[in-house]
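Novice:
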Amino acid sequence: MADDEGIRLQKVLSQAGIASRRVAERMITDGRVEVDGHIVTELGTRVDPAVSVIRVDGARVQVDDDLMYLALNKPVGMYSTMSDELGRPCIGDVVEHRVRGTKKLFHVGRLDADTEGLILLTNDGELAHRLTHPSYEVPKTYLATVTGKVPKGLGKTLREGVELDDGPASVDDFALVDNIPGKSLVRVTLHEGRNRIVRRLLEHVGFPVEALVRIAIGEVTLGEQKIETIRVLTRKEIGELYKAVGM
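Take a look at the structure:
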């Protein structure tokens with residue numbers, strides 16, 4: 000790129016909301032900013048935000064204003080599709096009324112109609128593809144209310160793996176959260192996305208799921224977000240998603 004082409008790096012960082020221009024300049028001279036895999040310390044550096052990959056402290060910075068990264072808390076009874084031929088409620092209905100410019104949004108992380116919780120929405124096609132591809136092993140965490148009192152050894156059994164109809168399956172992490180009369184609340188983390196995998200795993204070991212909520216995808220968590228609401232992901236959350244899939 001010629002010296003008079005592109006935009007000064009500190010201006011790009013400032014416009015992306017990373018820091019004021021003066022603080023961004025200090026970040027550059029301190030060697031904290033990377034462009035296309037190389038540490039940049041010269042303040043006169045110009046970049047093309049449309050093509051350059053910029054990282055601060057190792058975390059990728061999103062500088063394309065046209066890209067959207069959203070989190071939806073899907074309620075029970077809503078289908079994980081952008082439209083439904085049968086007219087059933089779907090996530091596309093919520094997006095259509097609350098988000099502008101939604102034609103190219105992808106939903107990341109399908110949930111059954113009877114499962115609630117976190118679904119990511121983005122028009123960043125490469126990120127969406129990687130987040131859903133099993134080779135990247137992005138963990139997903141659920142809270143499940145199951146029938147019966149869970150024994151202490153169940154987590155070990157699930158981590159070691161069980162044999163389902165469509166092959167072996169295991170969890171990355173399992174914890175008992177609470178005991179309820181006749182029921183148990185458990186937290187399950189796993190990275191695969193086979194159909195109804197959490198329900199099938201728990202039923203296989205004798206604990207049918209009565210209610211299921213996905214509370215996290217990677218480092219993005221549901222937190223206190225209310226049912227059927229959409230929020231914009233923070234810069235940190237977007238950076239963590241990029242990091243999880245090697246972008």
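Residue numbers (numbering that gives the first Met the number 0): 0 to 246. Glycine included, every Cβ here is placed at the ideal spot set by N, Cα and C.
#1: What residues are listed by DSSP as bridge partners for residue 37?
#2: Compute the Euclidean distance between the alpha carbons of residue 16 and residue 25, then round it to the nearest angstrom.
#3: Can you give the Cα-Cα distance for residue 239 and residue 215, rounded to whole angstroms?
#4: Whether or not the stretch 175-185 and the stretch 144-162 are in contact is what I'm after, with contact meaning three or more pairs of Cβ atoms, one per stretch, closer than 8 Å; do they touch?
#5: Where DSSP assigns a beta bridge to residue 166, which residues make up the other side?
#6: Quick one: using the 10 Å Cβ neighbour count with 16 as the cut-off for buried, is residue 121 buried or exposed?
#7: Take residue 110 as the anchor and find which of 86, 210 and 125 has the nearest alpha-carbon.
#8: With a threshold of 6 Å on Cβ separation, who are the neighbours of residue 228 within its own chain once the five nearest residues in sequence on each side are excluded?
#9: What residue does the beta strand (DSSP E) around residue 183 start on, and which one ends it?
#10: I want to know whether the stretch 72-86 touches the stretch 116-130 - three or more CB-CB distances under 8 Å.
#11: Between residue 105 and residue 91, is the Cβ-Cβ spacing less than 8 Å?
#12: Between which two residues does the alpha helix (DSSP H) harbouring residue 11 extend?
#13: Identify whether residue 223 lies in helix, strand or coil by the three-state DSSP scheme.
#14: Measure the C-alpha to C-alpha separation of residue 86 and residue 78 and round it to an integer number of angstroms.
#15: Hey, out of 200, 98 and 208, whose CA is closest to residue 65's CA?
#16: Can you give me the Cβ contacts of residue 30 inside the same chain, cut-off strictly under 6 Å, excluding the 5 residues immediately before and after it?
#17: Tell me whether residue 42 is buried or exposed, calling it buried when 16 or more other Cβ atoms sit within 10 Å of its Cβ.
#18: Are residue 138 and residue 171 close, meaning C-beta to C-beta below 8 Å?
#19: Within its chain, find whatever has a CB closer than 7 Å to the CB of residue 159; leave out the 5 residues flanking it on each side and keep chain order.
#20: If we call anything under 8 Å between Cβ atoms a contact, is residue 234 one with residue 61?
#21: Identify every run of the beta strand (DSSP E) within the stretch 63-138, keeping only runs that are complete inside it and at least 3 residues long; order them along the chain.
#22: Shortest alpha-carbon distance to residue 205 belongs to which of 163, 212, 130 and 103?
#23: What residue range does the alpha helix (DSSP H) around residue 199 cover?
Specialist: Let me lay it out:
#1: Answer is 34.
#2: If you take the alpha carbons of residue 16 and residue 25, they lie about 15 Å apart.
#3: Cα-Cα distance, rounded: 13 Å.
#4: Judged by Cβ distances under 8 Å, the stretch 144-162 makes contact with the stretch 175-185, as three or more pairs qualify.
#5: For residue 166, the beta-bridge partners assigned by DSSP are 163.
#6: The residue in question, residue 121, is buried, as its Cβ has 16 or more Cβ neighbours within 10 Å.
#7: Comparing Cα positions, the closest option is 210.
#8: Excluding the 5 residues flanking it on each side, residue 228 has same chain C-beta neighbours closer than 6 Å at 72, in chain order.
#9: Taken as a continuous stretch (DSSP letters only), the beta strand (DSSP E) holding residue 183 covers 182-189.
#10: Counting Cβ pairs under 8 Å, three or more are found: they touch.
#11: No, these two residues do not count as a Cβ contact at 8 Å.
#12: It spans 8-14 - the alpha helix (DSSP H) in which residue 11 sits, taken as one unbroken run.
#13: Residue state, collapsed to three classes: coil.
#14: Cα to Cα, residue 86 sits roughly 10 Å from residue 78.
#15: Ranking 200, 98 and 208 by CA distance to the CA of residue 65 puts 98 first.
#16: Closer than 6 Å at Cβ, skipping near neighbours: 38 and 40.
#17: Exposed, by the Cβ-count rule.
#18: Yes, they are a contact pair.
#19: In chain order, 169 place their CB closer than 7 Å to the CB of residue 159, counting only its own chain and leaving out the 5 sequence neighbours on each side.
#20: The answer is yes: Cβ separation under 8 Å.
#21: As far as the stretch 63-138 is concerned, its whole beta strand (DSSP E) runs of at least 3 residues are 68-73, 105-107 and 115-121.
#22: For the residues 163, 212, 130 and 103, the minimum Cα distance to residue 205 belongs to 163.
#23: 196-203 is the extent of the alpha helix (DSSP H) around residue 199.
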